[in-house]
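Working notes, beginning with the structure itself.
Chains as they are written, first to last, in our numbering: chain A, 1 to 377; chain B, 378 to 754.
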């Protein structure tokens with residue numbers, strides 16, 4: 001299993017990651033189904049029609065409900081939700097530090113209260129790997145600390161050091177788990193996560209140190225948490241030269257269509273974000289002419305699809321007027337159709353980005369699309 | 378357009394109703410999508426995979442939101458929700474008398490407050506026909522009064538007389554509307570509704586009087602509103618001989634799978650009920666071995682489909698354990714999958730009923746299935 005860089009266009013990369021669940025064409029946007037389901041009633045059968053390559057689920061949420069033992073006994077997450085393509089599981093780290101209460105961090109790990117029922121939970125590099133091994137995702141993420149974006153420099157530095165020690169423990173534990181006969185996916189991959197806040201030197205140092213370890217991919221964590229786009233782009237510019245060319249690069253939790261264009265342009269391969277599904281549930285949909293809110297009065301009698309240029313199942317079958325009616329009436333189908341369209345929009349955008357890189361015209365494509373995406377219909 | 382009685386097995390009837398939107402094979406169960414959408418995120422594309430022949434929407438709900446003018450301007454309900462098979466619209470009468478507040482009934486019609494925003498609405502036979510004509514459904518229902526099931530005999534008698542006078546007004550108005558060039562569906566059918574509470578003589582008299590009028594079908598209204606199954610079956614036994622053999626018969630708002638078997642056995646052709654979708658949203662699903670609640674702890678590790686005998690999209694792809702997890706986690710997809718299964722179960726039951734009547738073994742089929750359907754898994 002390996003990553004092949006097919007071609008580059010500037011810093012934009014067109015790659016292919018081979019996994020035990022098939023090949024991933026990059027740049028790719030992963031579709032977020034936190035609890036092994038896309039919010040809004042979208043099934044894995046729907047996902048196949050939406051050009052989704054990789055589904056992303058969350059270790060913390062699945063640990064809380066239904067518990068990794070349920071998924072393990074039902075044959076792993078692929079059998080659990082009937083999806084034969086790659087799945088990436090987030091390590092739970094981000095949720096432990098953003099959702100859970102009453103945290104107590106030690107060198108060993110983190111003790112915290114579940115946001116669901118307040119139960120005390122202990123999570124550590126080993127525990128996160130054990131859960132992810134039972135889930136049997138294609139790609140596991142390392143368990144890291146996600147310090148507050150307003151934490152001071154010395155806190156961030158210490159946190160980076162600990163995250164590095166935790167990463168080594170993750171690698172050791174994943175190696176052990178992958179060698180066990182009872183493990184469902186013995187070829188589970190592990191991506192490390194670089195941190196460092198908004199401090200250039202800490203970012204570079206951390207990336208240098210984690211890339212000395214032989215991981216299957218490298219993620220940039222702790223961005224898109226409140227800093228400006230310009231700061232985010234700058235941090236990526238700063239650390240990109242220190243990321244290995246022959247490994248996939250994943251910018252966690254990003255972002256808008258324009259963010260994705262800018263970050264592909266800076267050499268990023270993997271993305272994920274709840275934005276397309278969360279926005280859709282409130283009627284905010286993306287189109288080839290810019291964003292629109294389908295609940296707007298002006299779409300009441302509109303017989304056109306959400307996006308006249310779109311060939312998704314929703315745009316091929318339903319009108320703005322109908323979807324507006326559904327959302328205004330509180331019909332769940334309105335959310336589902338909007339989410340489906342937005343996920344298709346993102347997955348199709350990535351397909352276009354890949355084609356643009358292949359044909360060496362990514363910067364023209366980016367310029368043209370950025371102008372459109374900043375508009376409202 | 379006409380109704381053909383293909384064969385009978387006892388009083389059970391196997392028929393075919395030709396409509397401007399295709400043929401309906403009877404007995405049939407209509408799938409309820411009150412506001413032009415099945416609750417739980419099920420689309421008309423899904424309905425096609427669920428063996429749904431007829432979708433039922435509600436005039437009162439669509440009048441309140443989005444308003445019949447929106448649907449008319451978008452080309453009628455078929456274009457509105459992208460469905461080319463028959464649609465039956467309920468007249469709004471039942472909802473006016475069950476949902477709306479501050480009713481004032483006169484010979485002319487009913488003034489009431491919308492349950493949605495309290496706005497004053499006037500509905501009459503003419504108004505109901507005008508709304509349904511704008512919706513352009515395949516089959517319109519007559520606007521009737523649905524008196525309380527505890528109303529006394531003299532109230533019911535007066536109400537039946539008024540409902541008959543209203544029916545004649547419905548017919549006149551529908552005839553006028555069908556002749557207008559701006560009408561979307563000039564072949565809209567009209568079914569009359571027989572009332573009479575639990576009074577045998579009033580039921581018979583009302584049915585005799587409405588069947589003197591030349592309608593496209595006849596419905597039995599005002600049942601399944603709290604009386605026992607035995608009373609309901611008895612009333613049907615009493616009025617069935619007075620219903621024309623050559624017209625479709627529709628028992629409104631019924632019912633459980635056992636109710637349907639019993640009423641097919643008493644000569645009913647059309648059914649509708651919110652039960653399969655409402656039950657499903659709370660995890661109550663129907664199977665070939667009886668009902669079960671998928672949220673039960675015992676299904677936590679169950680890798681089997683909801684129903685091992687079922688070939689629906691849900692049972693072909695998802696396990697009890699997964700659907701239980703979704704419902705327990707509040708994931709909308711859990712509702713959607715359960716609703717889809719239950720609708721398929723009902724539509725497939727009707728297909729089996731039709732086959733049993735054709736092969737002359739309906740009473741054996743009914744006996745066998747009734748024993749199973751009363752069980753819990």
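In this text, a Cβ means the ideal position worked out from N, Cα and C, and glycines have one as well.
Against chain A, the CB of residue 637(B) has no partner CB under 8 Å away; the residue lies outside that interface. Closer than 8 Å to the CB of residue 31(A) there is not a single CB belonging to chain B. The straight-line gap separating the alpha-carbon atoms of residue 508(B) and residue 440(B) is approximately 7 Å. Measuring C-alpha to C-alpha distances from residue 446(B) to each of 462(B), 697(B) and 511(B) identifies 511(B) as the nearest. Residue 515(B) and residue 398(B) have their alpha carbons spaced roughly 7 Å apart. Its chain contains 523 as the residues whose beta carbon lies nearer than 6 Å to that of residue 474(B), once the 5 sequence neighbours on both sides are disregarded; these appear in chain order. Under the DSSP assignment, residue 606(B) falls outside any beta strand (DSSP E), being part of the alpha helix (DSSP H) whose first and last residues are 606 to 616. Under the Cβ distance rule, residue 648(B) does not count among the residues neighbouring chain A, no pair being separated by less than 8 Å. Pairing residue 691(B) with residue 718(B) gives a Cβ-Cβ distance under 8 Å.
For residue 93(A), no beta strand (DSSP E) segment is defined; the enclosing uninterrupted segment is the alpha helix (DSSP H) at 93 to 98. Contact note: residue 80(A) reaches chain B through 699, using a C-beta cutoff of 7 Å and chain order. Buried is the label assigned to residue 487(B), since at least 16 other Cβ atoms lie within 10 Å of its Cβ. Here the segment 40 to 47 of chain A makes no contact with the segment 379 to 395 of chain B; the two share fewer than three CB pairs at distances below 8 Å. Using a Cβ-Cβ cut-off of 8 Å, residue 75(A) is close to 680 of chain B, given in chain order. Look at residue 377(A) here: in three-state DSSP terms it is coil, with no helix or strand label. If you look at residue 467(B), you'll find it in the beta strand (DSSP E) that goes 464 to 467. For residue 207(A), the uninterrupted alpha helix (DSSP H) segment begins and ends at 200 to 211. Contact of residue 283(A) with chain B is not assigned, every C-beta pair being separated by 8 Å or more. In the three-state scheme derived from DSSP, where H, G and I count as helix and E and B as strand, residue 186(A) is classed as coil.
Scanning chain A for C-beta atoms nearer than 9 Å to the C-beta of residue 735(B) yields nothing, as the closest lies near 33 Å away.
Among the residues of chain B, none has a CB under 7 Å from the CB of residue 276(A); the nearest is roughly 16 Å distant.
Annotated three-state conformation of residue 678(B) is coil, per DSSP.
Around residue 630(B), the same chain offers 601, 649 and 650 as residues with beta carbons nearer than 7 Å, after the five sequence neighbours per side are excluded.
In this structure residue 193(A) does not touch residue 151(A) by the C-beta definition: roughly 16 Å separates them, more than the 8 Å allowed. Beta-carbon to beta-carbon, residue 302(A) and residue 288(A) are separated by about 16 Å, too far to satisfy the 8 Å threshold.
Exclusion of the five residues before and after residue 694(B) leaves no residue of its chain whose Cβ lies closer than 6 Å to its Cβ.
A direct Cα-to-Cα measurement between residue 687(B) and residue 634(B) gives close to 16 Å.
With distances taken between CA atoms, residue 660(B) lies nearest to 698(B) out of 698(B), 611(B) and 598(B).
Residue 57(A) is a Cβ neighbour of residue 87(A), given a cutoff of 8 Å.
By the criterion of at least three beta-carbon pairs nearer than 8 Å, the segment 421 to 430 of chain B is not in contact with the segment 546 to 553 of chain B. Sixteen is the threshold: when 16 or more other Cβ atoms of the shown chains lie within 10 Å of the Cβ of residue 203(A), as they do, the residue is buried. Assigned with DSSP and collapsed to three states, residue 555(B) falls in helix.
Three or more Cβ pairs drawn from the segment 260 to 280 of chain A and the segment 331 to 341 of chain A lie within less than 8 Å of each other, which places the two stretches in contact. Taking a beta-carbon distance threshold of 8 Å, residue 694(B) counts as an interface residue toward chain A. Closest in alpha carbon position to residue 19(A), among 186(A), 12(A), 67(A) and 267(A), is 186(A). In terms of beta-carbon proximity, residue 709(B) lines the interface with chain A, with at least one pair separated by less than 8 Å.
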